[in-house]
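In the working numbering, the protein residues as written are 144 to 764.
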């Protein structure tokens, strides 16, 4: 039977537990260092807590070690990996191949999307090398995913929800160049979320102070069935900077969608065990989002970018009809409540206000309003929903059936969980025969009580005509023994990944230049051992920076503006175009044959070239 996994982000151990309680089959979390979100590291002690909790439900914990590494850091990385293995971490997610040259325990290896897992040949190399899983690039289409599945044996992981980078993972150097903060070191400065002005060569302003590189968030919830059919094993939610309420809401929503798919397919099951009793109705639109896109999943589409703001706008809830001071009268599209946060676009900025009181279609806010009739209002803070999330804590339970027998006046309890794991407990003492047959119901009732354990003793069956008189406290004690024994047996039978030795004979046949992001001696040795004669130092070394790309992306500004040159709608513009803000002025040119474009100025030039179809390179000169 094929198993599918919902993989959720964990900022810390509390978020990890919230994700698992809301249906995650696995979580990924940052360790003390070397993760692609430097701001959210966790101690080994905290990670161990997450591991222990996850393993109760046969869920997994992956630790992100997905940055490039400098030589002096490698001994610490090796010690850290051994520490992670010792506390039971199921896999590590890596970018730097230097990790593969270390003295590693047999911990499962996942190839991070930061390894640039876009090209089929690259993915096939990682597969033949021996990675248990490859985390695929977000830009891949459904057709490409199907092709990869046909060629690759490793598990495939694919992003289905959350923030998008405009650049291919591992191939953006803009942050490092501008601020000395490398995205490949977990310190991205997010230049893509900045304002830019676009103008043509004649000085005509095409866009002024717009967020032209700020992609909307990914949402593939409508395409989960297609992804399952395509052979994706793990469905990944982005968001290691997100708080527990966001992760709980989004995880619960996607878990529900996956459960519906599994219920209709007898050949599918979930990785984790147990069911979720949610304390709220999940709705991703009521959590942080920049608006949604399905990106390149089906085909290139417009409206990938929210030009007005990189912030969360939330759900459209009302249209302004009349304004007076701090009060407005609106046409409600959805109910608005006291303490809600609303926002609107004033032509330049996304502005926010708080609703003090909501009385029908009249809203009184916390400040004088700068809105006009006809403006759309969005809710980016749903007070009622957040309150419900806080109060409605979800719980996860494993179903257990208990059978009760009597043998020689002794109590015999047999527990079998939903995974088919069974344990038996026999009483050391004998009991008197009860005179009241109602004692059966009392014993059964006590055995059904599982308290704050992870178990739901949903069915208890008494199989003997002899009714024993057993005090409730004694029954409770044997129930605890039984469930403790079940927990031990479950842990004993829990599936463990074991990393097989890597294939040292496989050859790397892809592009072997500085874009491999090599910044240490072991990574250099790795590629040479796999057939690469010359290994160029990566961008972060500062070696030969001039003439190198600073960004690689499939996104095209002209297409987004509805001015694709293939349609002839660009005739009103005089090329080249320019992109500018307080950082400088950048020249844009377009390779329309391959759907690429170029960006540059005297100080930096981003030139988009045809590495692959629908990909552009940004080159610094």
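Glycine included, every Cβ here is placed at the ideal spot set by N, Cα and C.
Here the structure is a predicted model, which means the values were calculated and not measured.
Asked	Found
For residue 534, report the span of its beta strand (DSSP E) as first-last.	First-last for residue 534: 526-534, but that is the alpha helix (DSSP H), not the beta strand (DSSP E).
Out of 149, 471, 202 and 358, which has the shortest C-alpha to C-alpha gap to residue 439?	358
Once you ignore the five residues that flank residue 536 on each side, which residues in its own chain have a CB closer than 8 Å to its CB?	164 and 422
Would you check if the distance between the CB atom of residue 354 and the CB atom of residue 451 is smaller than 8 Å?	yes
Is it right to say residue 410 is buried, meaning 16 or more other beta carbons lie within 10 angstroms of its own, or is it exposed?	exposed
What do you reckon, are the CB atoms on residue 389 and residue 399 nearer than 8 Å?	no
Return the first residue and the last residue of the alpha helix (DSSP H) that residue 200 is part of.	Premise fails: residue 200 is in no alpha helix (DSSP H) and is neither H nor E.
Along the beta strand (DSSP E) that carries residue 497, what are the first and last residues, could you check?	493-502
Measure how close the beta-carbons of residue 540 and residue 351 come, nearest whole angstrom, since I'm counting them as under 8 Å.	Actually they do not touch by this definition, with Cβ atoms about 55 Å apart.
For residue 664, tell me which candidate among 586, 244, 643 and 342 has the shortest Cα-Cα distance.	244
In the DSSP output, what is residue 447 paired with across the bridge?	Paired residues: none, contrary to the question.
If you draw a straight line from the alpha carbon of residue 760 to that of residue 221, how long is it in whole angstroms?	The predicted model places residue 760 with a pLDDT of 39, which falls under 50 and marks its position as unreliable; any figure quoted below should be read in that light. Whole-angstrom Cα-Cα distance: 34 Å.
How many angstroms separate the CA atom of residue 151 from the CA atom of residue 377?	10 Å
Just grab the DSSP bridge partners of residue 729 for me.	722
From residue 516 to residue 490, what does the alpha carbon distance come to, in whole angstroms?	14 Å
Confirm the yes/no value for this check: CB of residue 541, any heavy atom of the ligand SAH, distance under 7 Å.	Ligands are entirely absent from the displayed structure, and the ligand SAH is therefore not among its contents.
Please classify residue 678: does DSSP put it in a helix, a strand, or coil?	coil
Quick one: using the 10 Å Cβ neighbour count with 16 as the cut-off for buried, is residue 154 buried or exposed?	buried
Starting from the Cα of residue 309, find the closest Cα among 329, 296, 289 and 280 and give me that residue.	280
Can you tell me where the beta strand (DSSP E) holding residue 340 begins and where it ends?	339-342
Just the C-alpha distance for residue 374 and residue 286, rounded to the nearest angstrom, thanks.	12 Å
Could you spell out the range, first to last residue, of the beta strand (DSSP E) harbouring residue 362?	360-362
Which two residues bound the contiguous alpha helix (DSSP H) that contains residue 225?	217-229
If you measure between the beta carbons of residue 276 and residue 253, is that distance less than 8 Å?	yes
What residues match up with residue 565 in a beta bridge as DSSP calls it?	559
I'd like to know if residue 487 contacts chain C, where contact means its C-beta is closer than 8 Å to some C-beta of that chain.	The structure shown has no chain C; it contains just one protein chain.
Below 8 Å, can you find three or more Cβ-Cβ pairs linking the region 641-652 to the region 600-612?	no
If you compare alpha carbons, which of 618, 497 and 683 is closest to residue 322?	683
Output the distance between the C-alpha atoms of residue 159 and residue 533, rounded to the nearest integer angstrom.	16 Å
Between which two residues does the alpha helix (DSSP H) holding residue 111 run?	For the chain, the structure presents residues 144 to 764; residue 111 sits outside this window and is missing.
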